[in-house]
Amino acid sequence: MASLIYELLLIFALLMVASFAYIPVFGNADAPFRKAVFQLYLLLVIMVYFLAFWTRSGQTLAMKTWRIKLVDLNGSTIDMPRGILRFTLALLGLLGFGAGFLWALFDPQRQFLHDRLAKTRLVSTE
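Under the working numbering, the very last position in the sequence shown is 1269; numbers go up by exactly one each time.
Take a look at the structure:
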């Protein structure tokens, strides 16, 4: 859980930088269409952040700090399609009032629902 909070702080900083890059080029997101495009842009930035780290080393900056790593069921670093699947499932679990994350409280191996479905797992690097 602490890793998730740290991750949110890093994402907030990333979104600030992404916003500063977007607004001078495309202007404020006042109109409904522009607001939707801006939100999709920010979602894409978040997705690229996670996919870049998950598919290269299996660890985001927060995961490195907390010494956890994302791997597939064979213990290997995940590939891009599995990363996209995991990200999408995690997003859906988050939008479903966090049900995908609460799943871990009842799972015998303490896995999130998106990890179960994407056939990934978090392991300790210690």
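Backbone N, C-alpha and C fix where the C-beta goes; we use that ideal spot for every residue, glycine too.
Which residue from ARG1229, PHE1155 and LYS1178 puts its Cα closest to that of ASP1215?
ARG1229
Reducing DSSP to helix, strand and coil, say where ILE1221 ends up.
Coil at ILE1221, not helix or strand.
Separation of ASN1171 from ILE1221, as counted between CA atoms
37 Å
Which ranges would you report for the beta strand (DSSP E) in the region 1144-1227 if only whole runs of at least 3 residues count?
Runs of the beta strand (DSSP E) lying entirely within the region 1144-1227 and spanning at least 3 residues, in chain order: 1211-1215.
Got a sec? Which residues, its chain only, sit under 7 Å from GLN1254 by beta carbon, not counting five neighbours each side?
ALA1247 and ARG1264, listed in sequence order.
Looking at the unbroken alpha helix (DSSP H) that takes in ARG1259, where does it start and where does it end?
ARG1259: member of the alpha helix (DSSP H) spanning 1256-1261, first to last residue.
Nearest chain D C-beta to ARG1225 closer than 8 Å, yes or no?
Looking at the structure shown, chain D is missing, and only one protein chain is on hand.
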